[in-house]
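Residue numbers (the working numbering): 93 to 493.
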Amino acid sequence: MQFTEFVVVIAAIMALNPFAMDMMLPALPNIGSTFHILVANRLQVVLSAFLIGFGLGQFIIGPLSDSFGRRPVLLGGMVLYAIASVLAVAAPSFETLLLARALAGLGTSATRVIATSVVRDCYAGRRMASVISLAMMVFIAVPVIAPSFGQAVMLMTNWRGIFVVLMVYGLVALVWTSLRLPETLPASERKAFALADVLDAYKQTVTNRQTLGYALAAGGIQGALFAYVFSAEQVFTGTFKLGHYFPLAFAAVAFGVAVAGFLNARHVGRIGMRVMSHSALVGFLAVAVAMFTAAKLAALPLWLFMGLSALLMFTFGLMIANFTALAMEPQGHIAGTASSLYGSITTLLGIGIGVVIGQAYDGTVLPFATGFLLCTLATLAIVVITEKGRLFRPHHHPIAS
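Right under this line is the structure:
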């Protein structure tokens, strides 16, 4: 497979997750009406159920792929995703829909973990960061179009049509992957699936200072992002009264993260992962302070909120790919298991933070702005501790355990 097609396939696989997540945003009020959900904040569980399945699934996906190879586990996850989409289309109750969402998240956990593992199988160092950035540019750019796409689908049918579209996309990705993506883990490098070996690999992962530190840091910034996504529909339609224009506003904000992914892919090889991500973290903090101050003073009009949110997305995009590459850099010998545990830590930590902040929504932006600032301060502290107080150092060797 040529390099360009490799990156596109990896991006297409990874995009299953954000499509399934963000196409649903415009449909939440309609889902609430269908199932008579009276408390608006409860509808956020449609998103969090998906992410919980996604986070929990990653614990086992990596070890399975290290034992049986990347392809069979990846294809199995994509089949489960398609089945979950069918179940969501036919869901007779809210609880059934939540089950379908959890199963879809479980299926996409294979796409996320194995895509990262495949990249790590083939590349290392700054080259790995560049490939991940290119794939993440698509992965994170999907929210730019997903809500608008979901809104367009609902103009032609109801919210169940969104799951039909997701099922079709999943099947196309499944066929393309099965025909074109080769196995990247040779049989000679596979490990027996034994509990003791899995636990040992987990131990190696969490006892490595660099891997654990950047996993916790990524979880902190994802907590801020998930809080934004969970409450975005309520903020834009409730607080700022945008109504059906919500997908356009969400897309305009999310565009910043796609720009960041492109710039990171172009320049990370020259500048280095640490300089790029640490600079972005400082910018992330500046945005958090500005948003909190404006919200506290009740001086946060729509234009300022969107501008700060776009900067949030831009700096997030510069951090997340580099944090992932830095965390995975010392784990080449157990890439699948390390990627699996890394994904679970970051996702579940992010969900926990995001749910707490999202459920605090009270009709204003202040709960989000407060949570955003606290997440950023905690993330900065974690990175400083991980790097032993030395930020921005462009060295090429992983930090010792």
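Positions of the beta carbon are idealized from the N, C-alpha and C atoms, including for glycine.
Excluding five sequence positions before and after residue 257, the CB atoms of its chain that fall closer than 8 Å to its own CB belong to 115, 241 and 245, given in chain order.
Positions of the alpha helix (DSSP H) runs, each at least 4 residues long and wholly inside the region 230-287, are given as 252-272 in order along the chain. In the three-state reduction of the DSSP assignment, residue 185 falls in the coil class. Within the same chain, 141 come within 6 Å of residue 190 by CB-CB distance, once the 5 residues on both sides are set aside.
The beta carbon of residue 388 sits closer than 8 Å to those of 458 and 461, all from its chain and outside the five residues before and after it, given in chain order.
In this structure the region 324-343 does not touch the region 180-197; the number of beta carbon pairs closer than 8 Å is below three. For residue 314, the secondary structure class from DSSP, reduced to helix, strand or coil, is helix. Around the beta carbon of residue 421, 16 or more other beta carbons lie within 10 angstroms, which makes this residue buried. Ranking 294, 178, 484 and 248 by CA distance to the CA of residue 435 puts 294 first.
In this structure residue 168 is not in contact with residue 429, their Cβ atoms being roughly 17 Å apart against a cut-off of 8 Å.
Annotation for residue 158: the continuous alpha helix (DSSP H) segment containing it runs 137-160. Residue 454 sits in coil when the DSSP states are folded into three classes, being neither helix nor strand. For the 9 Å CB-CB criterion, residue 198 and residue 172 form a contact. In this structure residue 370 is buried. Its beta-carbon is surrounded by 16 or more other beta-carbon atoms within 10 angstroms. The straight-line gap separating the alpha-carbon atoms of residue 393 and residue 412 is approximately 28 Å. Rounded to the nearest whole angstrom, the CA to CA distance from residue 449 to residue 313 is 13 Å. Counting C-beta atoms within 10 angstroms of its own C-beta, residue 280 has fewer than 16 neighbours from the protein chains shown and is therefore classed as exposed. Per DSSP, the unbroken alpha helix (DSSP H) holding residue 340 starts and ends at 338-363.
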